[in-house]
Structure formats: structure tokens, C-alpha cells
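Beneath this line is the structure, given in C-alpha cells, with notes to follow.
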Amino acid sequence: MTAVRQRRVGKGTEAAEDQPSEETNVKPDGKIPSDPTGGKLWSRLSITVGGIVAVSLGLLTSVYVATLHENDLWFSNIKEVEREISFRTECGLYYSYYKQMIQAASIQQGLHGLVYDNKTESVRTINILERMNVYQEVFLSILYRILPIQQYLEPVYFYIYTLFGLQAVYVIALYVTSWLLSGTWLSGLLAACWYITNRVDTTRVEFTIPLRENWALPFFAVQIAAITYLLRTHLQPVQERLTLMAVFIATFLFSLTWQFNQFMMLIQALALFILDCLDMLPTAKVTWLYIIQISGLLLVCVLQFFNSMILGSLLISFNVSVLIARTIQKNLKKGGLLSRLGKLILHVLLVMCLTLLINKFIKKSLNLESDEHIFKFLKAKFGFGATRDFDANLYLCEEAFGLLPLNTFSRLSSTLLFYVYGFVLFLLTVAAVIVAFRNLSGSNQVRLKEKKEEYTVTLKPDAAYSLVHTVLFGCLALSTMRMKYLWTSHMCVFASFGLCSTEVWKLILKCLHLYTSQRTQVIKYFIPIITLLYISYKFWPGIMDELSELREFYDPDTVELMNWIKSNTPNTAVFAGSMQLLAGVKLCTGRTLTNHPHYEDKNLRERTKQIYQIYAKRSPGDVHRILRSFGTDYVILEDSICYERRHSRGCRLRDLLDVANGHIMDGLGENEPDLKPSLYPRFCEEIKKNLPSYTVHFTRVFQNKTFHVYKLAKHK
Numbered sequence: 001m002t003a004v005r006q007r008r009v010g011k012g013t014e015a016a017e018d019q020p021s022e023e024t025n026v027k028p029d030g031k032i033p034s035d036p037t038g039g040k041l042w043s044r045l046s047i048t049v050g051g052i053v054a055v056s057l058g059l060l061t062s063v064y065v066a067t068l069h070e071n072d073l074w075f076s077n078i079k080e081v082e083r084e085i086s087f088r089t090e091c092g093l094y095y096s097y098y099k100q101m102i103q104a105a106s107i108q109q110g111l112h113g114l115v116y117d118n119k120t121e122s123v124r125t126i127n128i129l130e131r132m133n134v135y136q137e138v139f140l141s142i143l144y145r146i147l148p149i150q151q152y153l154e155p156v157y158f159y160i161y162t163l164f165g166l167q168a169v170y171v172i173a174l175y176v177t178s179w180l181l182s183g184t185w186l187s188g189l190l191a192a193c194w195y196i197t198n199r200v201d202t203t204r205v206e207f208t209i210p211l212r213e214n215w216a217l218p219f220f221a222v223q224i225a226a227i228t229y230l231l232r233t234h235l236q237p238v239q240e241r242l243t244l245m246a247v248f249i250a251t252f253l254f255s256l257t258w259q260f261n262q263f264m265m266l267i268q269a270l271a272l273f274i275l276d277c278l279d280m281l282p283t284a285k286v287t288w289l290y291i292i293q294i295s296g297l298l299l300v301c302v303l304q305f306f307n308s309m310i311l312g313s314l315l316i317s318f319n320v321s322v323l324i325a326r327t328i329q330k331n332l333k334k335g336g337l338l339s340r341l342g343k344l345i346l347h348v349l350l351v352m353c354l355t356l357l358i359n360k361f362i363k364k365s366l367n368l369e370s371d372e373h374i375f376k377f378l379k380a381k382f383g384f385g386a387t388r389d390f391d392a393n394l395y396l397c398e399e400a401f402g403l404l405p406l407n408t409f410s411r412l413s414s415t416l417l418f419y420v421y422g423f424v425l426f427l428l429t430v431a432a433v434i435v436a437f438r439n440l441s442g443s444n445q446v447r448l449k450e451k452k453e454e455y456t457v458t459l460k461p462d463a464a465y466s467l468v469h470t471v472l473f474g475c476l477a478l479s480t481m482r483m484k485y486l487w488t489s490h491m492c493v494f495a496s497f498g499l500c501s502t503e504v505w506k507l508i509l510k511c512l513h514l515y516t517s518q519r520t521q522v523i524k525y526f527i528p529i530i531t532l533l534y535i536s537y538k539f540w541p542g543i544m545d546e547l548s549e550l551r552e553f554y555d556p557d558t559v560e561l562m563n564w565i566k567s568n569t570p571n572t573a574v575f576a577g578s579m580q581l582l583a584g585v586k587l588c589t590g591r592t593l594t595n596h597p598h599y600e601d602k603n604l605r606e607r608t609k610q611i612y613q614i615y616a617k618r619s620p621g622d623v624h625r626i627l628r629s630f631g632t633d634y635v636i637l638e639d640s641i642c643y644e645r646r647h648s649r650g651c652r653l654r655d656l657l658d659v660a661n662g663h664i665m666d667g668l669g670e671n672e673p674d675l676k677p678s679l680y681p682r683f684c685e686e687i688k689k690n691l692p693s694y695t696v697h698f699t700r701v702f703q704n705k706t707f708h709v710y711k712l713a714k715h716k
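Read in order, the letters of the sequence shown are residues 1 to 716 in full-length UniProt numbering.
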């Protein structure tokens, strides 16, 4: 197994202060407030300083994660095969296409090899550009080939430095979003510091570099920053058009780089839908955002050769349904409270029904089944009936797809982030409820009266969007741990905005009958500065210790296996085994695979279940027949899977296979009444006894402490 060990060697602008309450309400009067500082020079100086701080923090974050990666693996000193093995599971699969493009005789041949690929799935020719989101690898490989850097920079370093560089873009985008929301770049500074000090929960780029989310999330953060600016109330037409273009480009790049883009943008579309229904966002801007999501996704669909998973996405069905329903219900935002609520309920039901009908129609017409495993997983996860489906249980038993662990909150609380976040979330939720009720009531007299009141509660459109965004993605993170990185990064933005917001402190001080303009200004700067000093004092020594800790990549068994495969098997050999290991086999050796970790294809999922019968209770003849049907020449068995102890009974891979095959599971514990004992022992255990019934089909050709490789007999 891969491990690390201790090294054995020696040493928008600084907003012109927050707008008045009439401006920040849901329906602002459009007036642009005067600059309270009384000078453009100060404003320009503040913008310049804030911009320099943003870029500096972004670059420092990039260097920080790059240093951690180097210190953890001693990447600069290990062999190429060890570097490639360090790209674990699906990361290795994605990087293999970058390597394939680099090693191709020409760019045209490299692209042809991806479009007509017959090495990723044996006895099948697939289009990698259609199946997987690897355009970033294609672009980066072409860039490396045409730039005069080959003599100075190895391909692997060009690749990882690009990903670490995107972390700079990520942090700058978070910084700018917080700055736009609060009106002060101090908020952006605090957001960036929280992102860095909570690195364990905000990113995993330093040890999963090629993972799709590490490409996509920086563009998602840029998109959110652009949306935040778009929702400001005093934009000129030119500014609005340029911002819409920025939103489109960021949305397109986000969609192009991650296969789960449609699900993330569906949550974003739900946030826009909720706020539009409550009259808390300008309808025209929301419409543009719906259209941008659809057009961005369809453009990606075209580039991915009309990928079926995109065409059948719920996002496209939902956005089209909203636009249709809005056309049908033209008077949705007129009337009193009860009338509005009735129309709203009808509108929601209409949108839901249209979404399901359109989505069902598209999937039925095109016979789409690419994402059915995701819905099976969600159905089982949220308790809508138990399932024996192998694919759904494979996800359910992975810790990454389980509930968010409680120790996450203790880590986030140690930096004060979670405390501040919860406080700001509570205040803005109360404000949102008040504003939503006021909007739905539709009483002009009430609104005119409240404008004269000193204690008016308001919520700017950009703050309202940020609130609903963080709530929805928080629910996603709580239900699925792997998605926490979408929430925790925005948590840094939301908490820092609240701590530096004039509106938040104004509301608090008015409730305490302590409000004055001067006191508000002092508190909105004093509290964040104290927080920054506390974070620096508490966590700076730990960061320095972390940067000084030197370790080394150490996985001799896998290195030995890869070297043996390269030296002792033909280039055309086909290998079967676990998805995770085979991704490394393709990257390190270039051999053909039977299956791989990119699971978004029904045929591949069925194929993987069949290949995994090597860990089930099946006869040697059955296993041999199955493997040979996929053209397998060699099969790799892993002791860590055959004798797995990482998962509890019922979640071990062999247990999932037993249940799916209708067999009783091993070990003490209950079994479902209809499960029966298998007629055969477990294949991966029994084959090691070299019994005649096994040796007639399989010959062991390699063995070490972790892996056993068997060559299949080619019976006629």
C-alpha cells in the first residue's frame, strides 16, 4: 500500500462604503451613494493595496500547497514511476491522458488516440473526450509542446504547477467575493486567511492533484465572484454585459472540467429560483443566469461529442421548466400575501412536474442511463428503501460519500470560523425571513412606513444570494462529506463578509440600542483585525512546523509490480483487477485495462461488477470465462481487498459481491433470510492453494507481499 515516511536524509473595488438601507433593499431606488471618504485618491489607493494583497495571498497559497506536496513525497527526488504512482486512483487515469498526449508523435495523433481509444477498456473503442472531462489535459499538453520550456521543466512539473497556480486563482476569487459583499478588502484578507488555516477542510489539492474538482472549483469561485458583482444595484449597461460574459466564461470552464458540474449548478439554480420566487433578486438578471447555465452546459455537450449524461441532466430540464412556468404564470408577483403564497405553491408544483416530465422525455427518447447509479445511491442514502444494487452500495460504503464527520466542526471552530459563520448565518437568515415576508405581503403602505423607520431590516441581493448559496451547499456537505469543499470555502467568504459588514453590525447595535455611525465603523474594522491577530498568533507556528516536516513517498510493492509489468509483459497485454490499481497500471505501463475508476457509464459499471467476481465466491471456470470475455491476459489480486479490514462487515467489497450474488457473507453477524451459502469458496483465497482446478486456468507469474499476478490460459 502507498505510504509516506520520514526522510532518512539530512537537512471589484473598495466599495464606496455600504449603500444606505433603501439601496440595499430588495427593490432599490437605483441611486449611487456619494463617497463618504471624500476623495478619489483614497479610494484608488485602497483598491491598489487591496489588489496587491489579494494577488500576494493567492501566490502565497500556491507556494504553500506546492511546498507541502514536495515535503510530503520528496517529489523532486523520487523516480518517475513513484511520481506516477503518487497520482492515486482516478487521478492517475486522468494524468495518463496528459502523458499520452505528450508522448504522441504529433498533436493530431495524440487527439486521434483519445477519440479512438482502445486501451482504456479492452475489446472496446471509446471516445475519451466524450466520456471524460479531460480537455484540460489536452490543452495543457498542447501548451507544453508549443512553449519553449521542455529543456527547463519536466511535463509532470508543468502539470502540477498549473494546478497549484489555479489555487492562486481560487483564493483571489474568494477574496474578491468577500470584498464585494462587505465593501472592504479587509474582509477578503480574513477570508483568505481562514481558507489557508482551515486547509484540511477547504482543499485537498496537495495530495489529489489531477482530481477534477481541483480544476473546476477555482472557476466556480470566479463565477460566484462575477455573480456577486452582477447582483449589485448600480451597474451601467456596459458593466452588466461584461459581467455576464465573465459569468458565462467561468460557467463554461467549470462545466468543462468536472463531470459533476450539472449537480452543483442545479443547486445554484435552486438558490436563484428560491430568491426569485421571494422577490429578492432582479428577475431579469436571474433569467440571464438560467440562460448562461443552459448555454454553457450545451456548449460543453457539443465539445464532448453530445455526451448523454449532459443532455439528460436535471439542470437543463429544471431551467427550461422555470422559464416555461414563468411564461405561463405572468402575474406571479402581484397580489396580497395569501394570493402570492397560493401562486407560489402552484408555481413550485408546476416547475417540479415540468422538470420531471422533460427529463423523463429526454432520457426515454435518447435511452440515457449514464447517471442512474447516482439516483440509486441517493434513493438508498436517504432511506427510500434498502438496495442490493452493487453500484449504489459501493458508494454508500465509502466514507467520502457518508455524512460529514462531527470532528470537522471542531476543526473549523478552532479558527473561530464556524462560530462566526453560525452567528452571521443566524442574523442574515432572520433578516431574509423579514424581507421575504415584506416582499410577499406586497403592501406599499407598509414599505413606505418602514422606509421612515430607524430600525429597517434590509438585505442586498448579493448578500441574499450568498446566504441561500451557503445554506444549500451546507446541506449538500452535511449529507455527503466529499462535497464539503464546496461549502467550507464559501463559509470563509460568508463569515468574513458578515464580520466586516456595516449592515450586520448596524442591525446588532440597533437591537442593543447602541447604534451610531462612528461606532459601527470602528467595530467593523476592529473585530476583524483582532480575529486576524488571533489566527496569526495561534496558527502561524503550526504552519511553520508543517512546512519544515519532511517525509518521503514509500510504496515498494507497487513500484515492484509496475516495473515487473513493464519488463515482463507485452505492450498489448490486457490486465484485470481493481479500478484503483488499474488506473496506475495504465499510467505507469501503458497496458490495456478491462475497467477503470471513471464510473459514469452503465456498460463500464456492469463490466466492473463482472471483473470483481475475482473477489466473490465463484468457480475458477466461471471467473476464467468472465475474464476472457473481456480479453484479459493477466489478473492482479490484492490482499488488501481479499482480506479487507478497513470496512466493517457488510461494507467490504467481498460482502457487497456476496449480497449481490445472493450469497451469505463471511464472518459472524446477521444475513438476510433469502441469502444462501455459495457452492464455491472465495476465488481470491482459494487460487493461492494452487489446486488443479485453478492451475488449469491460471498460472501465477508474480507475487510480493501485496499483489499476486496470474496469467490466464487461452483455451479454445
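For every residue, glycine included, the Cβ atom is placed at its ideal position computed from N, Cα and C.
Range of the contiguous alpha helix (DSSP H) that encloses residue i
i	result
V420	L417 to S441
H708	Premise fails: H708 lies in the beta strand (DSSP E), F707 to L712, not in any alpha helix (DSSP H).
S187	W185 to T197
L93	E90 to Q103
E686	F683 to E686
I160	P155 to S182
F375	E372 to K381
Start and end residues, beta strand (DSSP E) containing residue i
i	result
G554	Here the sequence assigns Tyr to residue 554, which means Gly is not the residue at that position. Where Y554 is concerned, the enclosing beta strand (DSSP E) stretches over R551 to Y554.
F698	F698 to Q703
Residue i to residue j span [Cα, whole Å]
i	j	result
G621	F575	18 Å
E121	L627	13 Å
A432	L396	35 Å
G51	R44	10 Å
A54	N77	33 Å
L403	Y599	21 Å
T569	F382	46 Å
I664	K379	24 Å
K524	A400	38 Å
R447	V435	With a pLDDT of 47 at R447, under the threshold of 50, the modelled position of that residue is not reliable, and the figure given next carries that caveat. Approximately 10 Å between the Cα atoms of the pair.
V65	C475	28 Å
S548	E372	47 Å
K31	K360	The pLDDT assigned to K31 is 41, lower than 50, so where the model puts this residue is not dependable; a value taken from the coordinates is nonetheless given after this. When rounded, the distance between both Cα atoms is 47 Å.
I543	K460	37 Å
Reduced DSSP secondary structure (H/G/I, E/B, other) of residue i
i	result
F575	strand
E600	coil
I128	helix
Y537	helix
V522	helix
T61	helix
K79	coil
G48	Correcting the residue identity first, residue 48 is Thr in this sequence and not Gly. In this structure, T48 counts as helix in the three-state DSSP scheme.
D279	coil
I72	Ile is not the amino acid found at residue 72; the sequence shown has Asp there. Three-state DSSP puts D72 in a helix.
R586	Note on identity: in this sequence residue 586 is Lys, with Arg being the wrong assignment. Helix.
K676	strand
T120	coil
T592	strand
F260	coil
T202	helix
P570	coil
Q239	helix
C353	helix
Counted within 10 angstroms of its Cβ, other Cβ atoms place residue i as buried (16 or more) or exposed
i	result
P597	buried
C193	buried
H697	buried
F683	buried
M280	buried
residue 747	In the structure as shown, the chain begins at 1 and stops at 716. Residue 747 is therefore absent and cannot be evaluated.
L166	buried
A105	exposed
I'd like the ranges of any alpha helix (DSSP H) spanning at least 4 consecutive residues and lying wholly in the stretch 287-350.
308-311 and 314-328
| task | Give, in chain order, every unbroken run of the alpha helix (DSSP H) that is at least 4 residues long and sits entirely within the stretch 454-512. | result | 461-479, 484-499 and 502-511
| request: Let me know the alpha helix (DSSP H) ranges lying completely inside the stretch 594-671, each 4 residues or longer, listed in chain order. | output: 602-611, 620-629, 639-642 and 653-660
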